[in-house]
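Protein chains in written order, with my numbering: chain A, 515 to 739; chain B, 515 to 739. Glycine residues also receive a C-beta, built at the ideal position from the N, C-alpha and C atoms. Structure, as structure tokens:
Number of protein chains: 2
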Amino acid sequence: MTLSKHSAPAAFARPVLVRDGVYEHLRRAVLDGEIAPGERIGEVELGERLGVSRTPIREAIMRLMQDGLLVGSANRGVRVRTVTAQEARDTYAVREELDGLGAALAAAAHTAADAAALRAALDEVGAARGDDYRQQTRLDLNFHRAITHAAHNAALGDLARDLEQRVALIKHQTRTYNAHPDTAVQHATILRAVLDRDAAAARKAARLHVRTFGALVLQDLVAGA
Amino acid sequence: MTLSKHSAPAAFARPVLVRDGVYEHLRRAVLDGEIAPGERIGEVELGERLGVSRTPIREAIMRLMQDGLLVGSANRGVRVRTVTAQEARDTYAVREELDGLGAALAAAAHTAADAAALRAALDEVGAARGDDYRQQTRLDLNFHRAITHAAHNAALGDLARDLEQRVALIKHQTRTYNAHPDTAVQHATILRAVLDRDAAAARKAARLHVRTFGALVLQDLVAGA
DNA sequence: CGCCGGAGTATTGTATACAATATCCACATG
DNA sequence: CATGTGGATATTGTATACAATACTCCGGCG
Numbered sequence: 515m516t517l518s519k520h521s522a523p524a525a526f527a528r529p530v531l532v533r534d535g536v537y538e539h540l541r542r543a544v545l546d547g548e549i550a551p552g553e554r555i556g557e558v559e560l561g562e563r564l565g566v567s568r569t570p571i572r573e574a575i576m577r578l579m580q581d582g583l584l585v586g587s588a589n590r591g592v593r594v595r596t597v598t599a600q601e602a603r604d605t606y607a608v609r610e611e612l613d614g615l616g617a618a619l620a621a622a623a624h625t626a627a628d629a630a631a632l633r634a635a636l637d638e639v640g641a642a643r644g645d646d647y648r649q650q651t652r653l654d655l656n657f658h659r660a661i662t663h664a665a666h667n668a669a670l671g672d673l674a675r676d677l678e679q680r681v682a683l684i685k686h687q688t689r690t691y692n693a694h695p696d697t698a699v700q701h702a703t704i705l706r707a708v709l710d711r712d713a714a715a716a717r718k719a720a721r722l723h724v725r726t727f728g729a730l731v732l733q734d735l736v737a738g739a
Numbered sequence: 515m516t517l518s519k520h521s522a523p524a525a526f527a528r529p530v531l532v533r534d535g536v537y538e539h540l541r542r543a544v545l546d547g548e549i550a551p552g553e554r555i556g557e558v559e560l561g562e563r564l565g566v567s568r569t570p571i572r573e574a575i576m577r578l579m580q581d582g583l584l585v586g587s588a589n590r591g592v593r594v595r596t597v598t599a600q601e602a603r604d605t606y607a608v609r610e611e612l613d614g615l616g617a618a619l620a621a622a623a624h625t626a627a628d629a630a631a632l633r634a635a636l637d638e639v640g641a642a643r644g645d646d647y648r649q650q651t652r653l654d655l656n657f658h659r660a661i662t663h664a665a666h667n668a669a670l671g672d673l674a675r676d677l678e679q680r681v682a683l684i685k686h687q688t689r690t691y692n693a694h695p696d697t698a699v700q701h702a703t704i705l706r707a708v709l710d711r712d713a714a715a716a717r718k719a720a721r722l723h724v725r726t727f728g729a730l731v732l733q734d735l736v737a738g739a
């Protein structure tokens, strides 16, 4: 079918700008694991599937490269980033620090609305199906995002977003969601400390949580490799 | 002069790709304060000055927006980001944590080459002219970059780069380089702790340094506003 | 049989053309 | 005189055209 490429109603939710739609579409596809790490992204093919030209596609790709989700070398296209074991270790080391800070700040700065959002996010994690690692990954990410959001620190929010995205990448590489028995307990501990406005306890709990899961994911990563 | 726009030898160091050249050019211009915060960036005018078309310009702009150096609203162009006092406070709060981690990791992981680079970077800071705030800003940034580099943690490097760039933006907004009397002492303290492989001391010294200067810059920022 | 080379193809990189939105200023109107 | 309305202009957003680089695959050669 060679019919007009750029007349069909957009194949994705279209915000004001096409490039923003493409950006969100691609970002979600990578974060959900629909495009596997290492997989190539062809500009023309993607453009035809979404019904847009290459221009907004390329602009979205530039942004995603800067986010660290895509990598590309000159004249050779872009691929979903693959993370080495060392990079994963590095990422978790930083995340421990940053998530700790986020939890501590959230304990001090969260509002009533934040508290409600945190509780809701944790409930969702608890209600997730145990065999759907994508859903679990997304809900877990939601919970952590809720915490950093409650910290009311824009700079932290930006950086934490970067790190969380990379962690999502790592998890998709292992293709496992580690339902560690302590998960629920650790999440609850973090939430309680935050709601109690106990910054020190919140930081400590968040750091422990990151450390626990980092070790777990790393185990899978080196085993799978 | 309507002569051929795209034949003149490029007005900037041209790497493999034009867009990379534009990106570095713009990034440097913003970080050096050549383009002031809030100032508008016209695509056509910049293209004519650099002798390239709008395509690589726009792709570079996308990357810089993702870096947080430029902001833009739909159909209304991009400007160099202006940082609010609250954003600056947030940035320094995160940077304290991250620079602390960087110093601690550098203390543990630095090589002989790193040590030499660190000493050299600090020497340069000491030799800087007192009245050139751009040079001082750049050399100070160099020293901090040398530390995070010596930490040998890629994720930390990426995030610290982001933060340092934002700090540079903030400093250009105040247009002052605070030659706090403790600067030299604090820098020396950090360096010594790192070289001694005393992670705890390095972290503590780095955090103190960020805190001291954050407070100073913030003072100027609210005073200037 | 493996490896080197080169035409042909595919894909990315850059430039330009076209479309849509915003900005500006003159002018009318209350 | 303030205001707002209209069109002309400028600028961004998207699409397409052209250029340059990389990949493929086949044939020749050692």
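Classify residue i as buried or exposed, calling it buried when 16 or more other Cβ atoms lie within 10 Å of its own Cβ.
i, result
"B:D613", "buried"
"B:R706", "exposed"
"B:T598", "exposed"
"B:S521", "Confidence is the limiting factor: at B:S521 the pLDDT is only 42, short of 50, which leaves the residue's position unreliable, though a coordinate-based value still follows. So B:S521 counts as exposed."
"A:V558", "exposed"
"B:T697", "buried"
"B:R609", "buried"
"A:D710", "exposed"
"A:V536", "buried"
"B:G552", "exposed"
"A:T717", "Sequence inspection shows Arg at residue 717 of chain A; the Thr mentioned does not correspond to that position. The residue in question, A:R717, is buried, as its Cβ has 16 or more Cβ neighbours within 10 Å."
"A:V530", "exposed"
"A:A729", "exposed"
"B:A682", "buried"
"B:G640", "exposed"
"A:V740", "Chain A is shown only over 515 to 739; residue 740 of chain A falls outside these bounds and no answer can be derived."
"B:V708", "buried"
"A:S518", "Summary for A:S518: the model assigns pLDDT 39, below 50, so the residue's position carries little reliability; its value from the coordinates is reported in the next sentence. Burial call: exposed."
Smallest Cα separation from residue i: which of the options?
i, options, result
"A:V532", "A:R568, A:A543, A:A626 and A:E553", "A:R568"
"A:T651", "A:D534, A:G547 and A:V699", "A:G547"
"A:R541", "A:A715, A:A729, A:R675 and A:Q700", "A:R675"
"B:D628", "B:T662, B:G586 and B:Q649", "B:T662"
"A:A626", "A:Q733, A:H666, A:E611 and A:H723", "A:H666"
"B:A660", "B:Y647, B:A669, B:R717 and B:A630", "B:A630"
"B:E802", "A:A702, A:L584 and A:A668", "What the structure shows of chain B is the stretch from 515 to 739, and residue 802 of chain B is not part of that stretch, so it cannot be assessed."
"A:R590", "A:I555, A:L578, A:R577 and A:A617", "A:I555"
"B:A617", "B:H539, B:E573, B:L735 and B:A719", "B:A719"
"A:L632", "A:R643, A:H658 and A:A642", "A:H658"
"B:S725", "B:V585, B:G561, B:T605 and B:D581", "The residue asked about is misnamed: residue 725 of chain B is Arg in this sequence, not Ser. Here the closest residue by C-alpha is B:T605."
"B:S587", "A:M579, A:L655, A:D534 and A:A588", "A:D534"
What does the alpha-carbon distance come out to for the pair residue i and residue j?
i, j, result
"B:R721", "B:G565", "44 Å"
"A:A622", "B:I571", "43 Å"
"A:T516", "A:D672", "Any answer about A:T516 is weak, because its pLDDT of 31 lies below 50 and its placement is not dependable; what the coordinates show is given next. If you take the alpha carbons of A:T516 and A:D672, they lie about 42 Å apart."
"A:Q733", "A:A607", "15 Å"
"A:L619", "A:A713", "7 Å"
"B:T727", "B:G738", "According to the sequence provided, residue 727 of chain B is Phe. The question's Thr does not apply to it. Answer to the nearest angstrom: the Cα atoms are 16 Å apart."
"A:P523", "A:R563", "Its pLDDT being 43, under 50, A:P523 is placed unreliably in this model, and the value from its coordinates should be taken loosely. In a straight line, the C-alpha of A:P523 is about 12 Å away from that of A:R563."
"A:H701", "A:D645", "19 Å"
"A:R603", "B:Q649", "35 Å"
"B:A492", "B:H624", "The requested residue 492 of chain B is not part of the displayed model; chain B covers only 515 to 739."
"B:E611", "B:R680", "15 Å"
"A:V544", "A:R577", "13 Å"
"A:A574", "B:E538", "19 Å"
"B:H723", "A:A550", "42 Å"
"A:A464", "A:L677", "No answer is possible for residue 464 of chain A: it lies beyond the span of chain A, which begins at 515 and ends at 739."
"B:L735", "A:M579", "33 Å"
"A:I704", "A:D581", "28 Å"
"A:Y615", "B:R643", "A small correction: the amino acid at residue 615 of chain A is Leu; Tyr does not occupy that position in the sequence shown. Cα to Cα, A:L615 sits roughly 37 Å from B:R643."
"B:P695", "B:L655", "18 Å"
"A:A693", "A:Y647", "9 Å"
"B:L653", "B:L583", "20 Å"
"B:V585", "A:V699", "41 Å"
"B:L670", "A:L670", "13 Å"
Would you check if there are 3 or more beta carbon pairs closer than 8 Å linking the segment 631–645 of chain A to the segment 623–642 of chain B? Too few Cβ pairs lie closer than 8 Å, so no.
Enumerated in chain order, which unbroken segments of the alpha helix (DSSP H) with a length of 4 residues or greater are wholly contained in the segment 586–650 of chain B? If only complete runs of 4 or more residues are kept, the segment 586–650 of chain B shows the alpha helix (DSSP H) at 599–623 and 626–641, in order along the chain.
Measuring CB atoms only, is the segment 678–694 of chain A touching the segment 588–604 of chain A, in the sense that at least three cross pairs come out at less than 8 Å? With the cut-off at 8 Å, the segment 678–694 of chain A and the segment 588–604 of chain A touch.
Tell me the start and end of each unbroken alpha helix (DSSP H) in the segment 673–723 of chain A that is at least 4 residues and wholly inside, in chain order. List check, alpha helix (DSSP H) in window: 697–709.
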